[in-house]
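First the structure, in the form of structure tokens, and then the observations on it.
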Amino acid sequence: MQTTNIPVIPGAGGLPRLLIETDLAQTEIYPHGAHVTRWQPRDQAPVLWVSDKAVFAEGSPIRGGVPVCWPWFGPHPTNPAGKAHGFARTSSWTLRTATQSGDGSAHVALTLADNAATRTLWPHEFMLELAIDIGATLTLALTTRNTGSAPFAISEALHTYLSVADIAQTRVRGLQGARYLDQLTGAQLPQEQLLTTFSAETDRVYHTQAGCALTDPLLRREIHVAKRGSDSTVVWNPWIAKAARMADFGDDEWPGMLCIEAANAPGAPVTIAPGESHTLGTTLSVNGT
Ligand code: BG6
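For the sequence shown, the working numbering assigns the number 1231 to the initial residue and increments by one for each residue that follows.
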């Protein structure tokens, strides 16, 4: 059953889109990929980054916003020719709920169930739901239910692209004390001691259940990334050469973004028994500094 008081209108590439404008925030969601592409709290610059080169088309992932990486994060676990980051971000989800309240908050829920196409890529029965709570904060909760008769394991991420004024001046605090896997070298590195700063391509999986905060001195704000049901936080900026290699990422756009992703990375997958479920969540909030 569908409950909605928010119209679905054509968006980029003709894909259906929800535009939610309230006193608290402006938000844009595509059922394609259950993808939040915009969240801009009142009196703030947009919090989410989307590439000017992003592709909005059936079957393609959207470069920016919050792609849902599921049921695997990174390369396909067994098939090198398989799509990276799973199929949730390129699937068409079903809109279940889209309601806006008088207090400026809104709630959207989308679901994706296994079908013949998903079972050829990943042979399991599931029901996936993304619940999105919108207001002065943005909360995403991705719930995986095992509707089959055997356990399965997933890795996953809410692959949040944050907008920053200048990556070279961006700092992340809250990762101190966490060990991390450097995905560029494969090395497991000892605890981060200082604030995280950026001066080259960065692709790290921090082993931590804690949230963190991004400080943006030019925009005079901190973006807090809280999370739950998550054992790892992925931090990514492609820098110059990798940005140039990606067709859907502008060559000069890398200084304006940083991904901070609430994840359960492949090194520590989540196993879900039949009839059981697991929720991965993240909440974004913004403070002026
Ligand atoms: C990050 C990964 O989460 O996503 C990177 O850690 C990857 O290794 C990046 O390059 C983007 O992936 P994709 O498939 O969207 O280009």
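Beta carbons are placed, not taken as given, at the ideal position from N, Cα and C, and that holds for glycine.
For clarity, every value in this text was computed on a predicted model and none was experimentally measured.
| Asked | Found |
| --- | --- |
| Once the 5 residues before and after Ala1287 are set aside, which same chain residues still bring their CB inside 7 Å of it? | Gly1243 |
| With a CB to CB cut of under 6 Å and the five nearest residues on each side skipped, what residues in its chain are close to Thr1253? | Reading off the sequence, residue 1253 comes out as Asp, not Thr. Correct list, in chain order: Gly1334. |
| Mapping the DSSP letters down to three states, classify Gln1256 as helix, strand or coil. | strand |
| My guess is that Ala1264 and Ile1364 are in contact by the Cβ rule of under 8 Å, so how many angstroms apart are they, rounded? | Going by Cβ atoms, the distance from Ala1264 to Ile1364 rounds to 14 Å, so no, they are not a contact pair. |
| Let me know if Pro1240 comes out buried or exposed under the rule of 16 or more other beta-carbons within 10 Å of its beta-carbon. | exposed |
| Tell me the rounded alpha-carbon separation between Pro1301 and Asp1273. | 36 Å |
| Sorry if obvious, but does the Cβ on Gln1413 come closer than 7 Å to a heavy atom of the ligand BG6? | yes |
| From Gln1413 to Pro1496, what does the alpha carbon distance come to, in whole angstroms? | 12 Å |
| Grab the span of the alpha helix (DSSP H) containing Arg1180 for me, first residue to last. | With the chain covering 1231 to 1519 only, the question about residue 1180 has no answer from this structure. |
| Please report the straight-line C-alpha distance between Asn1494 and Gly1289, rounded to a whole angstrom. | 24 Å |
| Which one of Arg1247, Cys1489, Ser1462 and Val1516 has the shortest CA to CA distance from Glu1386? | Ser1462 |
| Shorter than 7 Å, the distance from the beta carbon of Asp1344 to the closest heavy atom of the ligand BG6, or not? | no |
| If you draw a straight line from the C-alpha of Ala1503 to the C-alpha of Pro1310, how long is it? | 27 Å |
| Kindly confirm or deny that the segment 1457-1474 and the segment 1343-1352 touch, where touching means at least three C-beta pairs closer than 8 Å. | no |
| At the level of alpha carbons, what is the spacing between Arg1450 and Leu1368? | 19 Å |
| Once DSSP output is grouped into helix, strand and coil, what is the label at Thr1390? | coil |
| Can you tell me which residues form a DSSP beta bridge with Phe1317? | Paired residue(s): none; Phe1317 is not in a bridge. |
| In the DSSP assignment, find the unbroken alpha helix (DSSP H) run with Ala1474 in it and report its ends. | Trp1469 to Arg1475 |
| For Val1394 and Leu1411, which I take to be in contact (beta-carbon distance under 8 Å), what is that distance rounded to the nearest angstrom? | With a Cβ gap of about 23 Å, Val1394 and Leu1411 do not count as contacting. |
| Following a CB-centred definition, is His1389 positioned closer than 7 Å to any heavy atom of the ligand ZN? | Absence of the ligand ZN is noted for the structure shown, with the ligand BG6 being the only ligands found. |
| Report, in whole angstroms, the separation of the C-beta atoms of Pro1499 and Ala1383, which I expect to be a contact under 8 Å. | 4 Å |
| Here's the rule: buried if 16 or more other CB atoms are within 10 angstroms of the residue's CB, otherwise exposed. What is Pro1420? | exposed |
| So, with DSSP's three-state summary, where would you put Arg1349? | helix |
| Using C-beta distances below 6 Å, list every residue in its chain close to His1354, excluding the 5 sequence neighbours before and after it, in chain order. | Gly1378 and Phe1382 |
| How is the beta strand (DSSP E) around Leu1444 delimited, first residue to last? | Cys1442 to Asp1446 |
| Are there 16 or more other CB atoms within 10 angstroms of the CB of Leu1278, so buried, or fewer, so exposed? | buried |
| Taking buried to mean at least 16 other C-beta atoms within 10 Å of its own C-beta, is Gly1332 buried or exposed? | exposed |
| Would you call Pro1237 buried or exposed, if buried means 16 or more other Cβ atoms sit within 10 Å of its Cβ? | exposed |
| Taking Val1516 as the reference, which of Ala1430, Thr1509, Glu1422 and Ala1443 has the closest Cα? | Ala1443 |
| Going by DSSP, name the residue or residues bridged to His1354. | According to DSSP, which records beta bridges pairwise, His1354 is partnered with nothing at all. |
| Taking the C-alpha atoms as reference points, what is the distance between Thr1324 and Ile1259? | 12 Å |
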